[in-house]
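Before any comments, here is the structure.
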Amino acid sequence: RHKEAGDAFLTGYTTYSSSNKAPDSLLKLGMSLNALGNKDAACTVWSELGSRFPQASPAVVARNKLEREKAGC
């Protein structure tokens, strides 16, 4: 289930990387990768989210920070 979700979020991000949903797609892609046990890739995605979208919504920024802390990035 997490793999399919991750695939969907990756497709959404790569197809619509300039949309206002792109930060949310990256956040959830990282969550899916982490759930699959790929912490390093998840941390990379969350780092990309922070650097590429510093003006993301406060909710996405806060959740990104929380997920990075929980994973030990």
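Take 2 as the starting number for the sequence shown in this note's numbering and just add one per residue.
Backbone N, C-alpha and C fix where the C-beta goes; we use that ideal spot for every residue, glycine too.
Quick caveat, the model's predicted, so the values are computed rather than measured.
Reference residue i, options the options, closest by Cα
i: residue 37; options: 74, 70, 5; result: 5
i: residue 53; options: 73, 12, 41, 26; result: 26
i: residue 24; options: 43, 67, 55; result: 55
i: residue 34; options: 19, 10, 20, 61; result: 10
i: residue 81; options: 14, 62, 13, 47; result: Limits of the chain in this structure are 2 at one end and 74 at the other, which puts residue 81 out of reach.
First and last residue of the uninterrupted alpha helix (DSSP H) at residue i
i: residue 74; result: It is not in any alpha helix (DSSP H) - residue 74 carries neither H nor E in the DSSP assignment.
i: residue 35; result: 23-36
i: residue 42; result: 40-53
i: residue 9; result: 3-16
Neighbour-count burial assignment, residue i, 16 or more Cβ in a 10 Å radius
i: residue 1; result: Not covered by the structure: residue 1. The range shown for the chain is 2 to 74.
i: residue 73; result: exposed
i: residue 65; result: buried
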